[in-house]
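K.L.:
Dropping the structure in here first, questions after.
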Amino acid sequence: MGVGYRAVGWNRNKKRYDQVVLVGVLLSIAAFVVLSLVTDKGLTFETALIRSTAITAFLLLHVILCIGPLARLDQRFLPLLYNRRHLGVTMFAVAFVHGVFSLIQFHALGDTDPLVSLVTTPISGGAAGFPFQPLGAAALAILFLMAATSHDFWLANLTAPVWKALHMLVYAAYGLIVMHVALGALQDQRHPVLLAAVIVGLVLVLGLHLIAGFREKGSDREVAPSGTDDLTGWVDVGPADEIPDTRARILTVSGERVAVFRDGTRVFAMSNLCQHQNGPLGEGCVRDGLVTCPWHGYQYRPEDGQSPPPFHERVPTFATRVVDGRVWLDPEPRAAGTFVEPSTTTNP
Amino acid sequence: MRPADPQQFFVGYVDGVPQRTRSFLAPLIALCLVVVASVAGLAATLQNDAGDGVFEFGVTKPFAGWIERLPHPVLVSPDPSGDGHSRYLLSAFGKHGADELFTGAPGAWYELEGTLVYRDGRSMIEVVAGSVSIATTPTGAVHPTASPDELGVRTLTGEIVDSKCYLGVMKPGNLKSHRACAVRCISGGVPPVLLVRDDEGYATYYLLVDDEGGAVNERVLPMVALPIEITGEVERHGDLLVLRSDPDSYTLLHE
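First to last, the sequence lines map onto chains A and B.
Once you know that position 256 of the first sequence is 256 in the UniProt record's numbering, the rest is easy, because the numbers rise by one and skip nothing.
Once you know that position 70 of the second sequence is 70 in the UniProt record's numbering, the rest is easy, because the numbers rise by one and skip nothing.
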């Protein structure tokens, strides 16, 4: 969390994270270059650079795309999510080297402007004749947009929903890159293991997203109001003791996800969307008396959904009541930061 | 998996990683690094051999001879032994042909500096800009006068490549990954050749011209770097094979 903007809000975990990423990038590039030399493939320096950065960026993109669903499936993966933006920017930087060197290698010093040449390679029939480089260039443009707006400055100024929608374009970039590889490198490099590796990567990314999606489907089911008398219009959340201590149950009411927390005997509810990156607050926990987002540790006070001073984030709150050990939720959201007295349960 | 203890909950800006998470993640990160390096290494070992073309980058040598236009300029240089002639395809710097560098009258003797590119017995010179001059033909230099050998009509299957890259400037200089570059080179005037490999992998190069002997560069661009079948008249000009055929008759062999 921060109250101002700095280029990078360094801390020990981020430094370690970046060190591991750097080691991974260097290992990948070194493995490709060294084994190309050892097996005497006869590549020029430029080709070795273009290919080693291509495969490194492609592998990093797979890691990036897998971290999200893995962290949803098992919170022990959350440290990988925490600094994923640095991983993304690193991946863009590696892909940029690949793109720039490819542009120079294949399009520069000719009779046409390199950028014009990039998009005017003749199309011939079949996969072999389809120009694959513009697909990679389009993906690189998306990755640039994401890297350039990755800072919290842009997150705050674009607002989390817009920023998140923009960054969902990573899936479009991934699709373009898979096609770039399938219609490019795999047209030349016909060893079946290479095709199999691309397919395994695709299945891994899609599979993890589908599994994580199915897991979340339960909380997406709209819960209808079932209260009577003075609880008319309220939603039955279930027994209070079924909500793990310091944790939340997520349910969807009126089309919005709401996180209902229990912290000892206190029960309270707020929007499931963290104001920072719209992270799932309900998958976080109550730490030091504050609801803590699992993604980047943004914190909110239970009673009013406000970040403690000097921070200024705030989320909508909801009224709760505990009746006969069951938690009831008023589906009407209060304005972000509105005080709502937490309810209490006698069975902590 | 939900840790009940909030102190076991990872918060990025709090120094350290909870023990339970650390012991789970550390071996997985190590495994991930091994997998990344292994996949990159495996891809390196499984990639195609880029061939044994040579580009003597940074090394320039003097060359001399007559220019034969097929229609691209070809340097016909007397062998030092005096027994015959060598023919060098020519290109300029970058993705450009050498057509405009040789403007003298037919039969002129040229001297130039250039960098050699060679593969499978076929050579090209990348001509150094400004090094071309016309000089007096040396005493004893014999201009080849024999007509080309007509080898008849042949149907050949191969790939159109730009002669400069394939012979050694780029490695690899053929197939899909290199297609855009080959298009740029051929569009820029580098002589297009049909690369034909026999069952044992031996390469033969045919300089492509149309049925009238004219340049085909612009007409072959959509067909570059793709499997292709060409039927045409084959001529032998010294050690250089020329394939005369109208590009409209070329047949792409899509898989």
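Every residue, glycine too, gets a C-beta built ideally from N, C-alpha and C.
Small disclaimer: the values here were computed from a predicted structure and weren't measured.
So which residues on chain A does residue 223 of chain B lean against when the C-beta distance must stay under 8 Å?
P.N.:
Residues of chain A passing the Cβ test: 124.
K.L.:
Do residue 73 of chain B and residue 98 of chain B have their C-beta atoms closer together than 8 Å?
P.N.:
Going by C-beta atoms, residue 73 of chain B is nearer than 8 Å to residue 98 of chain B.
K.L.:
In chain order, what residues of the same chain have a beta carbon less than 7 Å from the beta carbon of residue 132 of chain B, not counting five sequence neighbours either side?
P.N.:
Answer for residue 132 of chain B: 101, 102, 110, 112, listed in chain order.
K.L.:
Assess contact between the stretch 205-224 of chain B and the stretch 169-177 of chain B, defined as three or more Cβ pairs (one per stretch) separated by less than 8 Å. Is contact present?
P.N.:
Contact between the stretch 205-224 of chain B and the stretch 169-177 of chain B is absent, because fewer than three Cβ pairs lie under 8 Å.
K.L.:
Nearest to residue 11 of chain B by alpha carbon, out of A/193, A/8, A/144, A/83?
P.N.:
For residue 11 of chain B, the nearest C-alpha among the options comes from A/83.
K.L.:
Using the beta-carbon of each residue, which ones in chain E are nearer than 7 Å to residue 6 of chain B?
P.N.:
Of the chains in the structure shown, none is chain E; the protein chains are A and B.
K.L.:
Smallest Cα separation from residue 18 of chain A: which of A/226, A/307, A/89?
P.N.:
When only C-alpha atoms are compared, the closest one is A/89.
K.L.:
Can you pull the DSSP bridge partners for residue 135 of chain B?
P.N.:
Answer is B/109.
K.L.:
Quick one: what does DSSP say residue 73 of chain B is sitting in, helix, strand or coil?
P.N.:
Strand at residue 73 of chain B.
K.L.:
Evaluate contact between the stretch 153-173 of chain A and the stretch 16-26 of chain B, counting only Cβ atoms and requiring at least three cross-stretch pairs below 8 Å.
P.N.:
With a cut-off of 8 Å, the stretch 16-26 of chain B and the stretch 153-173 of chain A do not count as touching, because too few Cβ pairs lie within range.
K.L.:
Could you please tell me which residues of the stretch 11-29 of chain B, in chain order, have their CB closer than 8 Å to any CB of chain A?
P.N.:
Listed by position along the chain: 11, 12, 13, 14, 15, 16, 17, 20, 21, 24, 25, 29.
K.L.:
Counting only Cβ-Cβ distances shorter than 8 Å, please list the residues of the stretch 250-262 of chain A near chain B, keeping chain order.
P.N.:
Within the stretch 250-262 of chain A, no residue has a Cβ that lies closer than 8 Å to any Cβ of chain B.
K.L.:
From this set, B/52, B/42, B/46, which residue's C-alpha is nearest residue 201 of chain B's C-alpha?
P.N.:
Answer by Cα proximity: B/52.
K.L.:
Beta-carbon of residue 10 of chain A versus every beta-carbon of chain B: anything under 8 Å?
P.N.:
Taking Cβ atoms only, chain B never reaches closer than 8 Å to residue 10 of chain A, which makes this a no.
K.L.:
Please list, in chain order, all residues of the same chain as residue 3 of chain B whose beta carbon is under 7 Å from its beta carbon, the five residues on each side excluded.
P.N.:
In this prediction, residue 3 of chain B has a pLDDT of 44, which is less than 50 and means its spatial position is unreliable; what the coordinates show is noted afterwards. These residues qualify, in order along the chain: 9, 20.
K.L.:
Using a C-beta to C-beta distance shorter than 7 Å, which residues of chain B count as neighbours of residue 171 of chain A?
P.N.:
Near residue 171 of chain A there are no residues of chain B at all, since even the closest Cβ is about 21 Å away, more than 7 Å.
K.L.:
Pop quiz: residue 135 of chain A and residue 195 of chain A are said to be a contact at Cβ under 8 Å. What is the actual Cβ separation, rounded to whole angstroms?
P.N.:
About 17 Å; that fails the 8 Å criterion.
K.L.:
Is there a Cβ of chain B sitting closer than 8 Å to that of residue 41 of chain A, yes or no?
P.N.:
Closer than 8 Å: yes.
K.L.:
Can you tell me the Cα-Cα spacing of residue 166 of chain B and residue 184 of chain A, whole angstroms?
P.N.:
Rounded to whole angstroms, residue 166 of chain B to residue 184 of chain A spans 18 Å at the Cα level.
K.L.:
Can you tell me whether residue 91 of chain A is helix, strand or coil according to DSSP?
P.N.:
DSSP places residue 91 of chain A in helix when its eight states are reduced to three.
K.L.:
Apart from the five residues just before and just after residue 92 of chain A, which ones in its own chain have a Cβ nearer than 6 Å to its Cβ?
P.N.:
Excluding residues within five positions, the ones whose Cβ falls inside 6 Å are 143, 147.
K.L.:
Determine the direct distance from the alpha carbon of residue 170 of chain B to that of residue 160 of chain B, and round the result to whole angstroms.
P.N.:
Each residue's alpha carbon lies about 15 Å from the other.
K.L.:
I need the DSSP call for residue 66 of chain B, collapsed to helix, strand or coil.
P.N.:
Three-state DSSP puts residue 66 of chain B in a strand.
K.L.:
Let me make sure I understand the geometry here. Which of A/95, A/180, A/161 has the alpha-carbon closest to that of residue 127 of chain A?
P.N.:
That would be A/180, whose Cα lies nearest to the Cα of residue 127 of chain A.
K.L.:
What's the gap between the Cα of residue 187 of chain A and the Cα of residue 53 of chain A?
P.N.:
Residue 187 of chain A and residue 53 of chain A: Cα-Cα distance of roughly 19 Å.
K.L.:
Return the residue from the list A/170, A/295, A/95, A/152 that minimises the CA-CA distance to residue 8 of chain A.
P.N.:
The residue with the shortest Cα to Cα distance from residue 8 of chain A is A/152.
K.L.:
Cβ of residue 203 of chain B within 8 Å of Cβ of residue 195 of chain B?
P.N.:
Against a cut-off of 8 Å, the Cβ pair of residue 195 of chain B and residue 203 of chain B comes out as a contact.
K.L.:
8 Å is my cut-off, CB to CB: does residue 105 of chain A come that close to chain B?
P.N.:
Yes, residue 105 of chain A lies at the interface with chain B (some Cβ there is under 8 Å from its Cβ).
K.L.:
Output yes or no for whether 8 Å exceeds the beta carbon distance between residue 317 of chain A and residue 270 of chain A.
P.N.:
Cβ distance < 8 Å, so residue 317 of chain A and residue 270 of chain A count as in contact.
K.L.:
Measuring CB to CB, does residue 240 of chain A end up less than 8 Å from residue 170 of chain A?
P.N.:
For residue 240 of chain A and residue 170 of chain A, no; Cβs fall outside 8 Å.
K.L.:
Give me the residue from B/206, B/218, B/197 with the minimum Cα distance to residue 189 of chain B.
P.N.:
It is B/218.
K.L.:
Alpha carbon to alpha carbon, how far is residue 213 of chain A from residue 73 of chain A? Give it in angstroms, no decimals.
P.N.:
Using only the alpha carbons, I get a separation of about 10 Å.
K.L.:
Chain B beta carbons: is any one of them nearer than 8 Å to that of residue 311 of chain A?
P.N.:
Judged by the 8 Å Cβ criterion, residue 311 of chain A is not in contact with chain B.
K.L.:
Taking 8 Å as the cut-off, decide whether the C-beta atoms of residue 215 of chain B and residue 71 of chain B are in contact.
P.N.:
Closer than 8 Å, so yes.
K.L.:
Does the beta carbon of residue 39 of chain B come closer than 8 Å to any beta carbon on chain A?
P.N.:
Yes - at least one Cβ of chain A is within 8 Å of the one on residue 39 of chain B.
K.L.:
Would you tell me roughly how many angstroms separate the C-alpha atoms of residue 308 of chain A and residue 33 of chain B, rounded to the nearest one?
P.N.:
Each residue's alpha carbon lies about 39 Å from the other.
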